[in-house]
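**Q** The structure is given below, and queries will be raised subsequently.
4 protein chains.
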Amino acid sequence: MDQRRPVDVGILGATGMVGQQFIRLLSGHPWFRTAWLAASERSEGHGYAEVSSWRLGDPMPAGIATQKLEPCRPGLGPRLVFSALDAAAADTIEPAFAAAGHIVVSNARSFRMADDVPLLIPEVNADHLALIDVQRRLRGWKGAIITNPNCAVVVLAMALAPLRQFGIRSVLTTTLQAVSGAGYPGVPSFDIVGNVIPGIGGGEEDKIQSEPGKILGTLNGDRITPHPAVVSAHTTRVPVLDGHTMTVSVGFDREVSEEEVAQALTSFRGRPQELRLPSAPEKPLELFSDGFRPQPRLDVGLGNGMTVTVGRVRPCPVLGTRFVALGHNTVRGAAGAALLNAELLLADGWLRGD
Amino acid sequence: MDQRRPVDVGILGATGMVGQQFIRLLSGHPWFRTAWLAASERSEGHGYAEVSSWRLGDPMPAGIATQKLEPCRPGLGPRLVFSALDAAAADTIEPAFAAAGHIVVSNARSFRMADDVPLLIPEVNADHLALIDVQRRLRGWKGAIITNPNCAVVVLAMALAPLRQFGIRSVLTTTLQAVSGAGYPGVPSFDIVGNVIPGIGGGEEDKIQSEPGKILGTLNGDRITPHPAVVSAHTTRVPVLDGHTMTVSVGFDREVSEEEVAQALTSFRGRPQELRLPSAPEKPLELFSDGFRPQPRLDVGLGNGMTVTVGRVRPCPVLGTRFVALGHNTVRGAAGAALLNAELLLADGWLRGD
Amino acid sequence: MDQRRPVDVGILGATGMVGQQFIRLLSGHPWFRTAWLAASERSEGHGYAEVSSWRLGDPMPAGIATQKLEPCRPGLGPRLVFSALDAAAADTIEPAFAAAGHIVVSNARSFRMADDVPLLIPEVNADHLALIDVQRRLRGWKGAIITNPNCAVVVLAMALAPLRQFGIRSVLTTTLQAVSGAGYPGVPSFDIVGNVIPGIGGGEEDKIQSEPGKILGTLNGDRITPHPAVVSAHTTRVPVLDGHTMTVSVGFDREVSEEEVAQALTSFRGRPQELRLPSAPEKPLELFSDGFRPQPRLDVGLGNGMTVTVGRVRPCPVLGTRFVALGHNTVRGAAGAALLNAELLLADGWLRGD
Amino acid sequence: MDQRRPVDVGILGATGMVGQQFIRLLSGHPWFRTAWLAASERSEGHGYAEVSSWRLGDPMPAGIATQKLEPCRPGLGPRLVFSALDAAAADTIEPAFAAAGHIVVSNARSFRMADDVPLLIPEVNADHLALIDVQRRLRGWKGAIITNPNCAVVVLAMALAPLRQFGIRSVLTTTLQAVSGAGYPGVPSFDIVGNVIPGIGGGEEDKIQSEPGKILGTLNGDRITPHPAVVSAHTTRVPVLDGHTMTVSVGFDREVSEEEVAQALTSFRGRPQELRLPSAPEKPLELFSDGFRPQPRLDVGLGNGMTVTVGRVRPCPVLGTRFVALGHNTVRGAAGAALLNAELLLADGWLRGD
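Protein chains in written order, with the working numbering: chain A, 1 to 354; chain B, 1001 to 1354; chain C, 2001 to 2354; chain D, 3001 to 3354.
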């Protein structure tokens, strides 16, 4: 990768929580430069600091405060745009941008399950990028839409990916999800201080039950054959700031030992590690032997929030194997996921001009 | 039940968290009177308020503060004693009391899995009290030991009891357990504020996997044939004060509809409700239709902490049926459970003199 | 007080957090009956359960769920109405109701500092009700507006009231305020989990600095001469559900001993205690000797939330005396305060028909 | 500063929370190298990882896990030792080390108020190091003891230091202290989740009232004349992990404007900034203009935890000026403070061999 000049990128929906994470992660990025910030019409012409309420611990990167916001209008802005839009806006804005030639690297759920749209985790299914050609052929777009999974799904799918070799039949997971997953203002404090809410709403459980099949599936010609594993998800919200924790039980086609599982998780690597992509953690999965880890407060930042941590691998009397997995929901589960997707697109030549 | 005079009771381990709950729940009890408080030798002769650090929101009942503590010596104290001892102490003290003629109603784990000791939930297995005769015969005791389950097991076993009719084969649960379950001082705040710990330790998962079989089992002559359901438990600790929440997936022998499950849960009643025992909630199980309940902060106090609440009954793609259950771990899961056990013993005539 | 028939009352702004507290506290009230619920035009004709999201731990009282909401239109509804409106709505709706003959017992801040409106704490300044006559004379109203103080001010003013005898010159307080004080949805959990926000906004500090002067002031003819004490308030928000805690330092005209302060606080009683009003706590102030009390989680419910608790009375090297005070912000600081006001109005004959 | 070779340092009490912070902060330090770890006799000969339960988010630095623990015996270990001992141990161990020629840079409270021991904040009173000569003369020691203040006092004293020019007469502060200030296991979670404890115990308020006088005092010959400001401190514990927040009201000899205060705080610099000590933050004090900052979760890490943040500077109706201050209690308030002290000792030539 000989990156002479940084590639200009834009952000759709730059003022929300995920938009802010994009800005933070792009600051000082070796390949990309935040050149264009877009939000709703109302914000047009205002400086970023005027219309956005910065919520992150790290201070706003230099130069962003006074950068002018533009409307989410196709044709404006650089070829590569990150989308931090909510689904309602993404439904129409993302296709319009793709039609106009933009490469839309989206965190929205709108097109995740579309047959011709990659639902990408670069370590897991980098080959699914070939769908871009299908997408362009079918839709007549010059650009494209590439998506990353739901914030809880990334954690689950990454932990399952190296276990595909054992023949995954069934997966039963309970999530303990952080409040940042609900955006901002999100969960009222009166509802969650000293409490647990045993459901997330918004179709969260459906996403966790459907997205992994596509992600872990196999590209056959123009289509992805979904992985046949059946997934059941109980979701809960807990008073944690960042980091979705999941208990996971997995049933395999055959008996699999604790050591086989541990070995598969530990040795897992993917294209981002091969290519040494800037946001790629050295190890996509980190396995703890301590019986009380991973914990969100201690472990969510590993690999700059891009490592998924796993612990407590042991037999499950009902399904076969069980463990705990944890990932940073607004980094590996949102802005960092999209950024890694964009890095793979660039490294694999998908951003070369038409 | 014509209770002319209150029955005197004692408390072994009266100064800890569970001991305090016993004192609180016995205050103003229509049948029992706290007549004797016992703790370690060190406390002997001191007033209760001197050696105990009262941790409950409700104030210490009148008269307790100056009550003198006695040592845990068999023969002292009333015939009926509640045990709030930890397992190490209970191992030797409880049998000594039973041998000396005391009826020990214990919250300790020491004898829960002994073949001849009832592991009692009065709504679920009141008939297991017949083991007392076996116990006396085998051990030559004039007294007896009766135990209640682990604080998470009570919640699970009560929710499963009415589902036995459908043929339970397998159960997979993840617990989100309150900090009060770890006693006092228990979990350091530095470990749990804004965090989740994905394991409880102390054999918690083993207890949840083994105790339900005995509780839901069938008394055949002198022995209990355990229920054949296989149970898998992931345990976690969450920053909640009181109330263990559990996600539960259940596999049955046959297809069971959501309505059948809901109907079974809602109509569930047991001996305590028939006998109108003082601590018995009107309904042992309360079913919520709201998709975000039960929640520990809102629902843990239902039925004075003796009701187990259930919600989100729906199909599980992997096992068959799933739901969320919640119970008050230091009331229904500890002191309140033992108290209800003692009420059943009295009502069923087990406390009549030798 | 021979209350043969309950008096019908209405609630303006019945669907919000304070409105819900009114409904909860009025349920089973010996003197009042919730006969009329009003909210915004949008809600008109809908059942209460349809348009309100019940947030309280106690279940919604029987009969409320299907009660139809009416618009906040003067002339509709009973003579006595409680106002849980926000200030913007109260600005115009409350005077319109008072003009139309309603007695408006308001929790809103709109008219608290108006010269002719009682800012009432029945234990402290019951005689200020005489302002109702001034109000009617000046404004030509048949009805009236009576207000209760800001939720933090009640705590402070009640703790200061019995100390007026020593000549209060200056008061410096820091508040640690619960999230329920911000209403619902109120404070986003992402802002407050494991955090402290060192400011409340909305003029909170100004209210704490100005309202006590009026409350502790003296009625002279048609006007209140404010108490001359200077008050300084630092406000903070903490991750507590209910209960505003305040550290308070007080400077007096003369040297005052710890014992004098303790004695004044402990012996404090007022009109509600004399009249045995239904919501009056036996003791308006409860003094703790424990060096770590009062604490919101343990002590906020004392006297059904109507008792203000005080602790750690000791000398202040800078001002003279210092202590900690705590009160339930949505009960004694809002709905319970207004209810006690209405009870005093009834007991003192202000609700007799024209 | 031409540091060719790192200086070996030891840590007394290396296994506790503060000891762990020393190890973390010394890892990769440009001047110092952790060469010797000491703890109680029990730990002697064991590897660090065996006897210490690592509690910090950052992983244990490489090489520490297997480093053998030694007893706290004078003569062993390097000349420069950091003390993370508790006061009871420090009372006897620190003087023994100083007598044996060690330079003890201590975080314990044992000798803070001794007349001949520097109570050092390098930005505030670097000249107090001259007391080392007094100490050696009076006590006949070859080594010395240098202390840093209590974790809350550092925050207060640093915020007050630049205001000395206006003539500070009185200071009234309320602290909202993090749970990490209580060490580990420290505050039980059952006591603090969703709660506030209005007192710290252990003489915390006395320390806050007495230590600033010495720190802000003037060295006159062999003695420090304490600063005459009278300080009053209310302490509280809040469910925050790291960071003590303080509201502070200050009375001056003369009227001082908000701008003068802000200007004094912003321009404040000290010896560590002049000398560019490795742990010195660029700005010892950072002033926020936002009305809701500083907040512990967002701002405690500024300057690697060595910056004290201040906000909400405004007039105080009672004393004159008020503001909010925040500092990292286990970094700037403990291990980082001691480390900066050691850096000043080295830079100023106090570590040169005898």
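No residue lacks a Cβ here, since even glycine has one placed at the ideal position from N, Cα and C.
Buried or exposed: where does P228 of chain A fall if 16 or more other Cβ atoms within 10 Å of its Cβ makes it buried?
**A** With fewer than 16 Cβ atoms within 10 Å of its Cβ, P228 of chain A is classed as exposed.
**Q** Please state the DSSP three-state secondary structure of Q3177 of chain D.
**A** Q3177 of chain D falls in the strand class under three-state DSSP.
**Q** Count the other CB atoms within 10 Å of the CB of S2043 of chain C; is the residue buried (16 or more) or exposed (fewer)?
**A** It is buried - the Cβ of S2043 of chain C has at least 16 other Cβ atoms within 10 Å.
**Q** Assuming contact is defined by CB atoms lying nearer than 8 Å, are K3283 of chain D and T3245 of chain D in contact in what I supplied?
**A** Their beta carbons are not under 8 Å apart, which means K3283 of chain D does not touch T3245 of chain D by this criterion.
**Q** Cα separation between E343 of chain A and A1088 of chain B?
**A** Their backbone Cα atoms lie some 58 Å apart in a straight line.
**Q** Can you check whether the C-beta of T3330 of chain D is within less than 8 Å of a C-beta belonging to chain C?
**A** No, because no Cβ of chain C sits closer than 8 Å to the Cβ of T3330 of chain D.
**Q** DSSP on C316 of chain A, reduced to helix/strand/coil?
**A** Looking at C316 of chain A - three-state DSSP - the assignment turns out to be strand.
**Q** Is any heavy atom of the ligand ATP found at a distance shorter than 7 Å from the C-beta of V3081 of chain D?
**A** By its list of ligands, the structure shown contains no ligand whatsoever, and the ligand ATP lies outside what it can speak to.
**Q** Taking three-plus beta-carbon pairs below 8 Å as touching, is the stretch 2155 to 2163 of chain C in contact with the stretch 155 to 162 of chain A?
**A** Not touching, per the Cβ criterion.
**Q** Check whether chain C comes within 8 Å of V1324 of chain B, counting only Cβ atoms and requiring the distance to be less than that.
**A** It does not: the Cβ of V1324 of chain B has no partner Cβ on chain C nearer than 8 Å.
**Q** What does the Cβ neighbour count give for P3030 of chain D, buried or exposed, with the cut at 16 atoms within 10 Å?
**A** Looking at its Cβ environment, which holds fewer than 16 other Cβ atoms inside 10 Å, P3030 of chain D is exposed.
**Q** When the Cα of V2134 of chain C is compared with those of C:P2226, C:E2211, C:G2186 and C:N2220, which residue comes out closest?
**A** V2134 of chain C has its Cα closest to that of C:N2220, out of C:P2226, C:E2211, C:G2186 and C:N2220.
**Q** In terms of residues, what are the limits of the beta strand (DSSP E) holding A1144 of chain B?
**A** It spans A1144 to T1147 - the beta strand (DSSP E) in which A1144 of chain B sits, taken as one unbroken run.
**Q** I think G2143 of chain C touches I2103 of chain C, with their Cβ atoms under 8 Å apart; what is that distance to the nearest whole Å?
**A** Confirmed, about 5 Å.
**Q** Can you pull the chain D neighbours of Q2295 of chain C, defined as C-beta to C-beta under 9 Å?
**A** Ordered by position in chain D, the residues that pass the 9 Å Cβ test against Q2295 of chain C are D3191, N3195, V3196, I3197 and P3198.
**Q** To the nearest angstrom, report how far apart G10 of chain A and L216 of chain A are at their CA atoms.
**A** Their backbone Cα atoms lie some 30 Å apart in a straight line.
**Q** L3119 of chain D to V310 of chain A, Cα distance in whole Å?
**A** Spanning the two alpha carbons is a distance of roughly 46 Å.
**Q** Just list the residues that DSSP pairs G1047 of chain B with in beta bridges.
**A** Answer by DSSP bridge pairing, in chain order: B:K1068.
**Q** Could you tell me if K2068 of chain C is buried or exposed, where buried requires 16 or more neighbouring beta carbons within 10 angstroms of its beta carbon?
**A** Its Cβ having fewer than 16 others within 10 Å, K2068 of chain C is exposed.
**Q** Taking the alpha-carbon positions, what's the A1338 of chain B to V3193 of chain D distance?
**A** Taking the straight line from one Cα to the other gives about 27 Å.
**Q** From what residue to what residue does the beta strand (DSSP E) around L2285 of chain C run?
**A** It spans L2285 to L2287 - the beta strand (DSSP E) in which L2285 of chain C sits, taken as one unbroken run.
**Q** Would a C-beta distance cut-off of 8 Å place S2180 of chain C and V179 of chain A closer than the cut-off?
**A** Taking 8 Å as the Cβ cut-off, S2180 of chain C and V179 of chain A do not qualify as a contacting pair.
**Q** When the Cβ atoms of the stretch 3074 to 3091 of chain D are set against those of the stretch 3045 to 3060 of chain D, are three or more pairs found closer than 8 Å?
**A** Touching, no, given that fewer than three Cβ pairs across the two stretches are closer than 8 Å.
**Q** Strictly under 8 Å for the Cβ-Cβ distance: is V2179 of chain C near chain A by that measure?
**A** By this cut-off, V2179 of chain C is an interface position.
**Q** Taking 7 Å as the limit between beta carbons, can you name the residues of its chain near T1225 of chain B, skipping five residues before and five after?
**A** Closer than 7 Å at Cβ, skipping near neighbours: G1217 and T1218.
**Q** Excluding sequence positions up to five away, which residues of its chain have a Cβ less than 7 Å from the Cβ of G1305 of chain B?
**A** Once the five neighbours on either side are set aside, the close Cβ partners of G1305 of chain B are H1328, V1331, R1332 and G1336.
**Q** State the Cα-Cα distance for the pair L1351 of chain B and L1345 of chain B, rounded to the nearest angstrom.
**A** Computed Cα separation, rounded: 6 Å.
**Q** Please report the straight-line C-alpha distance between D1242 of chain B and V18 of chain A, rounded to a whole angstrom.
**A** Between D1242 of chain B and V18 of chain A, the C-alpha separation is close to 34 Å.
**Q** Measuring straight from C-alpha to C-alpha, what distance separates T2015 of chain C and P2149 of chain C?
**A** Those two C-alpha atoms are separated by around 21 Å.
**Q** Using a cut-off of 9 Å between C-beta atoms, extract the partners of V2187 of chain C located in chain A.
**A** Within chain A, the residues near V2187 of chain C are P185, P188, S189 and F190.
**Q** Could you please give the first and the last residue of the uninterrupted beta strand (DSSP E) stretch that includes V2248 of chain C?
**A** Segment H2244 to F2252, the beta strand (DSSP E) holding V2248 of chain C.
**Q** Look up T92 of chain A in the DSSP assignment and say whether it is helix, strand or coil.
**A** The answer is helix: DSSP assigns T92 of chain A an H, G or I state.
**Q** Does the beta-carbon of E258 of chain A have 16 or more other beta-carbons within 10 angstroms, so that it is buried, or is it exposed?
**A** Exposed: under 16 other Cβ atoms inside 10 Å.
**Q** Using a Cβ-Cβ cutoff of 7 Å, what residues of the stretch 2236 to 2252 of chain C are near chain D? List them in chain order.
**A** Cβ contacts with chain D: T2236, V2238, P2239, V2240, L2241, T2245, T2247 and S2249.
**Q** Compile a chain-ordered list of the residues in the stretch 3038 to 3072 of chain D whose CB is closer than 8 Å to at least one CB of chain B.
**A** Hits within the stretch, in order: R3055.
**Q** Counting C-beta neighbours from all protein chains within 10 Å, is the total for D2354 of chain C 16 or more, i.e. buried, or is it exposed?
**A** Residue placement at D2354 of chain C is poorly supported in this model, since its pLDDT is 49, which falls under 50; the coordinates still yield a value, given next. Under this definition D2354 of chain C is an exposed residue.
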